[in-house]
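Engineer:
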Amino acid sequence: MIALASLRERWRSLLGTLLTLAVAVAVLTVCGLLLVSARPVAPERYAASPVLIRPVPPAAPEAFTEPRPWPKEQAEALAIRLAAVPGVSAAVPVHRFYAQVLRDGAPVAGERDASNWSAAALGGHVLATGRAPAGSGEVVLGASLGMPVGARVELLTAAGPEQFTVTGTVRGAGTWVADSVAGARAGGVPLIGLLTSADADADADADADAGDGDGDGRDAGVAAAATAIVGADGVVLVGDARGAAEPVDDARTRWIGMQVLSALSALGLFVSVFIVASTFAFATRQRERELGLLRLLGAVPRQVRRWVLGEVVLLGLLGGAVGIPVGLLAAGPVARWLVRTGFEPASFTVLYQPVVPVAAMAAGVLVALVGAWAAARRAARVGPLAALRAAAVDDRPVTLVRMLAGGVALAAAVAAGVAATRASGANLGTYALYAAIALVTAGSLLAPVLLPPAVRLLPAPFARGRGATVLLVRQHVATAGRRSAAAAAPVLLCVAFTVLIGGMVQTTTAYYGLNRVTAADATAVVVPDGTPGLSDAAVTAAGGLSALPTTLYDGVEPLPAAGVTPAEHVLLTVADGSLTALHRPPPVRPSDAAGPAEQAVPAVGLPRPLPAGPGRARSVGPVVPVAVTEGFAASAGWVTGSTHPVFGPDGRPITLEVVAVLAGGPLPAGILLDRAAVRAMDPSALTVVVYSGQPVPESALGGLGARPLSAAAYAASSQDEDDRLVWVFTALLIAVSAGFGLLAVVNTMLMSTTGRAGDLRVLKLSGATRGQVLGLLAAETAVVVATGAALGLAVAVAALAALARGLSVQLGVPVPMVIPWGTLAATVGVCLVLAVAAATLPALASNAAGRGRGSAA
């Protein structure tokens, strides 16, 4: 087979392409295995409950908000009916509230919720020592904490630290209090768990055999009966579907992990196509005389094209054979790393599906074919007279189609960069990836136009230099512009991508920090320390400005909201209405004053009453005054004086009355209401950050799970989990893209030096020493790398300058452009070392082979 024979002859020049395909297949194998493994897992706290019922979740799976809970009264009524289902031994409503164990004044990592003791049975927990909690101030803890029965323990709650007595312990982890205590401290009910008896479904299926099949049938029967009872008021989960009950934080973490894996897969595919395309395009230009000889011998274009594509298919198969075992071995360590860094929840495990490596192998071959298709067509167009050409100077013009495509890709890169400046959280990394892909495309298409002039300019200082090496460097770079451009393009793209992404994240992070601090005119900031948020006691000790976030519900859809006090009015600009009525006394909760008819509210949707006046609806539940932002008011159609029936965070209906529309920003949420009203409806709500006008002593925050920071330190740091994940995501993108870029650098330099074997032999015959030849190659390579690095830095700096300018306009204060000099130096240094090594090693091998032949003679 001619393709196989050609590969055997040219394996050194294609080694970089083979390695690129192998790495791409390995990345696809790892990402594919992890993506199919990224499924929700039923929480351990509900492991013993075969059937779970939860309220209807929001329509958008990316909402990452707890479904609107049932009011306690409705949940109790549902539990009574569910407990009457044949085969159900107990129906247990779950009451959860924030509670974190403090040890020596510091929060203990792990469990951050306390539940009612009856819910312990849903996880199969039984007392190992002591007794169940019976009253206030009593708690049962997991034995992993090492707290003996009778010990005094401090729990940090939403109100602040509280003393409890340990009455019992269970194996494992968890925190449980008396049912009455949990019911009083929790808001609504997020879940009802069913425990089934051993003889369920015996009457319906008396002849069934014992075993797992019976258990599945029993659970299915109970689930069907529960569905009939719950109706549209909830969702019944059985079997693997119970994974939908995973904590919101776990679901959000798993979703972010999937975005990361998808982005890495897309990046690996794209860069692999780019490298294969550039490699075979370069190889086709170098082999024109060989292809011309084939045409002289009678080969038709179709045969030439099949020859090139046959080489590519073999390379793809070889790359898959190397990459699949590497990917299978790497999947486990990568999965554990994703869990440690926070991209996957602790329950994440790898599922090895045979279809994944097969698909990765097929993708590797497809990537190779796509990348080499243009080169194969170009090879088929080589005429027989090409074999007679001897000129090394390539002055063929760039086609208009290529110029237009490069311009479109460059415009797309600018648009993606602008979108990235307006994004937040993980979207920033996603848009940055789009910008990088578009930039890679534009650079590869426009490189023959942009790089040759730049390459000719760089050796200008050598114009008056003396010596053969200086003269040869200057002349070779000037007369082989396309070859130099092809070698400099991977360096340009590698440097531009790493500097642009790193600098974009650093500049944007500095902007958001300055944005938050400037808006509050703060000199000090108090942030959580080992806790998910700040308790009321920490907020009081900090003595600054803050907001208490919560969630309201329009039907089942979440509406982010926040509670404020009159002190925060200094941060608000009223566009319409007045804030005077915002802080009326908190509403009376329906459980305290409403009758049974008012308490029995539907769990899905709220029938909208007929309007009682222009823009007003009949009140449902207590009326709560709110202020809304101009953006939210415009999108939702709310105006000053209008009323809107919604559900509170405890699942009970309330009516919001718009008393003011706010202009400007930034604001903590689209809906603002009185902080006391939020606390009454959401007993576990926690404050995210407190801004203070004066320094806060650390001693004032002892034992409260909080720590103070200066405004400058807060602006320069990444406090949010989103910021940390974005940084890790950025590092991954830089590592993968730089890794593939460096492979492209090595591959191109290897091919370039191998293709110049004849020139190097002429130099030796002309009297050049071995050291002079190697010095020439190293100097040319350094010039090419410096050119690519300079142009890549220019591209990145231009984009970062525009980004910093736009952010400065938004904030009203100067936002510095941050250039990651360390990343730049490391990238250029590694490119230079690898490029010089790749350029000189073939020459060294050629010298060694020449000496061996001389000795043999």
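Okay, so the sequence shown: first residue is 168 according to this note's numbering, each after it adds one. Think of the CB as a built atom: it goes at the ideal place given N, C-alpha and C, for glycine as much as any other residue.
1) Check residue 201 in the structure and name its three-state DSSP category.
2) Just curious, the alpha helix (DSSP H) that residue 721 is in, first and last residue?
3) List, from N- to C-terminal side, the alpha helix (DSSP H) runs of 4 residues or more that fit wholly inside the segment 789 to 854.
4) Can you name the start and end residues of the beta strand (DSSP E) that residue 359 belongs to?
5) With the cut-off set at 9 Å, would you say residue 915 and residue 702 are in Cβ contact?
6) By alpha-carbon positions, which one of 865, 314, 962, 220 ends up nearest to residue 658?
7) By the three-class DSSP mapping on this structure, what secondary structure does residue 939 have?
8) State whether the segment 271 to 286 contacts the segment 188 to 201, with contact taken as three or more CB pairs (one from each stretch) at a distance under 8 Å.
9) Whole angstroms is fine: what's the gap from residue 529's alpha carbon to residue 537's?
10) By the 10 Å Cβ neighbour count, where 16 or more other Cβ atoms means buried, how is residue 260 classified, buried or exposed?
11) Which residues in the same chain have their Cβ closer than 7 Å to the Cβ of residue 968, if we skip the five residues on either side of it in sequence?
12) With 16 other CB atoms within 10 Å as the buried threshold, where does residue 372 fall?
13) How many angstroms separate the CA atom of residue 297 from the CA atom of residue 306?
14) What separation, rounded to the nearest whole angstrom, lies between the Cα atoms of residue 231 and residue 544?
15) Between 514, 842, 540, which has its C-alpha nearest residue 716's C-alpha?
16) Pull up the distance between the alpha-carbon of residue 583 and that of residue 667, whole angstroms please.
17) Determine contact between the segment 798 to 809 and the segment 849 to 868, defined as no fewer than three beta-carbon pairs at a distance below 8 Å.
18) Would you check if the distance between the CB atom of residue 491 and the CB atom of residue 360 is smaller than 9 Å?
19) Could you tell me the distance, in whole angstroms, from the CA atom of residue 432 to the CA atom of residue 195?
20) Which of the three DSSP states is assigned to residue 399 in this structure?
21) In three-state DSSP terms, what is residue 241?
22) With a CB to CB cut of under 8 Å and the five nearest residues on each side skipped, what residues in its chain are close to residue 690?
23) Inspect the CB distances between the segment 417 to 431 and the segment 507 to 517 and report whether three or more fall short of 8 Å.
24) Taking the alpha-carbon positions, what's the residue 869 to residue 215 distance?
25) Whose CA, out of 337, 709, 700, lies closest to the CA of residue 293?
26) Does the segment 736 to 751 come into contact with the segment 243 to 259, if we say contact requires no fewer than three beta-carbon pairs (one atom in each stretch) closer than 8 Å?
27) What are the boundary residues of the alpha helix (DSSP H) that residue 478 is part of?
28) With 16 as the cutoff for other CB atoms within 10 Å, does residue 352 come out buried or exposed?
29) With DSSP as the reference, please indicate the residues paired to residue 285 in a beta bridge.
30) Tell me whether residue 695 is buried or exposed, calling it buried when 16 or more other Cβ atoms sit within 10 Å of its Cβ.
31) Is residue 858 helix, strand or coil by DSSP?
32) Tell me whether residue 817 is buried or exposed, calling it buried when 16 or more other Cβ atoms sit within 10 Å of its Cβ.
33) Looking only at its own chain, which residues have a Cβ that is under 8 Å from the Cβ of residue 506, when we skip the five neighbours before and after it?
34) For residue 334, count neighbouring Cβ atoms within 10 angstroms of its own Cβ and tell me buried if that reaches 16, exposed if not.
Structural biologist: Concretely, from the data shown:
1) helix
2) Not the alpha helix (DSSP H): residue 721 falls in the beta strand (DSSP E), residues 715 to 721.
3) 797 to 803, 842 to 848
4) 358 to 363
5) no
6) 962
7) helix
8) no
9) 12 Å
10) buried
11) 984
12) At residue 372 the pLDDT is 43, less than 50, meaning the model places this residue with poor confidence and gives no usable figure here.
13) 11 Å
14) 49 Å
15) 842
16) 12 Å
17) no
18) no
19) 6 Å
20) helix
21) helix
22) 859, 860, 861, 862, 877, 878
23) yes
24) 39 Å
25) 337
26) no
27) 468 to 508
28) buried
29) DSSP, once it has assigned bridges, lists no residue as partnering residue 285.
30) buried
31) strand
32) buried
33) 512, 513, 515
34) buried
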